[in-house]
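Have a look at the structure below before the remarks.
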Amino acid sequence: DTGVSQNPRHKITKRGQNVTFRCDPISEHNRLYWYRQTLGQGPEFLTYFQNEAQLEKSRLLSDRFSAERPKGSFSTLEIQRTEQGDSAMYLCASTIGGLFPLHFGNGTRLTVT
Amino acid sequence: ILNVEQSPQSLHVQEGDSTNFTCSFPSSNFYALHWYRWETAKSPEALFVMTLNGDEKKKGRISATLNTKEGYSYLYIKGSQPEDSATYLCAFLNNAGNMLTFGGGTRLMVKP
Chain E
234 DTGVSQNPRH
244 KITKRGQNVT
254 FRCDPISEHN
264 RLYWYRQTLG
274 QGPEFLTYFQ
284 NEAQLEKSRL
294 LSDRFSAERP
304 KGSFSTLEIQ
314 RTEQGDSAMY
324 LCASTIGGLF
334 PLHFGNGTRL
344 TVT
Chain U
217 ILNVEQSPQS
227 LHVQEGDSTN
237 FTCSFPSSNF
247 YALHWYRWET
257 AKSPEALFVM
267 TLNGDEKKKG
277 RISATLNTKE
287 GYSYLYIKGS
297 QPEDSATYLC
307 AFLNNAGNML
317 TFGGGTRLMV
327 KP
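Residue numbers (our numbering), protein chains in the order written: chain E, 234 to 346; chain U, 217 to 328.
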């Protein structure tokens with residue numbers, strides 16, 4: 234068990250470019266969450282997978298955001314046509330179930346210039 | 217959108233002081249309440265997962281209580297140490313069981 238792994242740790246991109254982040258959860262965890270965190274705020278829910286099924290997606294999330302979890306293993310989060318407001322820390326977490334704690338990765342810090 | 221509020225937003229205490237902070241959440245459709253500790257440059261770490269009204273949990277000098285009927289949880293730290301400095305997050309899970317909604321956190325700074 235190597236914990237939850239996120240790549241890259243940092244990403245700097247120009248406005249309008251597409252970016253993709255990867256999350257490798259703990260192997261036996263069937264639930265995977267993506268959150269976004271900006272300075273001074275708590276993590277904001279983006280989306281949730283149970284195995285390969287995307288069961289929840291925040292209504293705050295624009296159509297430029299998409300996430301996948303093929304085969305219920307790793308997950309990717311893609312942001313198309315990035316905007317400066319997308320600059321944030323993107324956190325991934327996994328768990329066995331709702332009554333169990335989340336295990337977080339170290340996050341991907343995105344800066345859009 | 218579920219409303220999970222934490223207060224205060226930040227807190228400065230002296231080493232040795234005991235402190236507590238509050239998490240408020242919807243009292244309907246409750247399933248679980250999580251507490252996490254997030255140190256700078258690290259990832260959030262779980263402290264407690266609480267499910268039953270009246271639950272009390274303890275981990276060393278940190279303890280938490282839960283009132284699901286009125287929708288609040290308290291986190292207590294006894295004899296704060298500088299290494300307790302972190303942001304403390306609570307998160308509410310409703311009985312659909314899918315979306316874990318976080319509060320804004322309480323940032324604790326303990327001065328030696």
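Every residue gets a Cβ at the ideal spot worked out from N, C-alpha and C, and that includes glycine.
By the criterion of a C-beta distance shorter than 6 Å, Tyr266/E is surrounded in its chain by Tyr281 and Ala326, once the five residues flanking it on both sides are discounted. DSSP places His262/E in no beta strand (DSSP E); its state is neither H nor E. Note: Leu332/E is not bridge-paired with any residue in the DSSP secondary-structure output.
By the neighbour-count definition (other C-beta atoms within 10 Å, threshold 16), Pro276/E is a buried residue. Lys327/U carries a strand assignment under DSSP once its states are collapsed to helix, strand and coil. The contact set of Gln274/E on chain U, defined by CB atoms closer than 7 Å, consists of Gly320 in chain order. Glu231/U carries a coil assignment under DSSP once its states are collapsed to helix, strand and coil.
A direct Cα-to-Cα measurement between Pro224/U and Lys304/E gives close to 42 Å.
Residues of chain E whose Cβ lies closer than 8 Å to the Cβ of His250/U are, in chain order, Pro334 and Leu335.
Using a 10 angstroms sphere on the CB of Ala248/U, the tally of other CB atoms reaches 16 or more, which defines it as buried.
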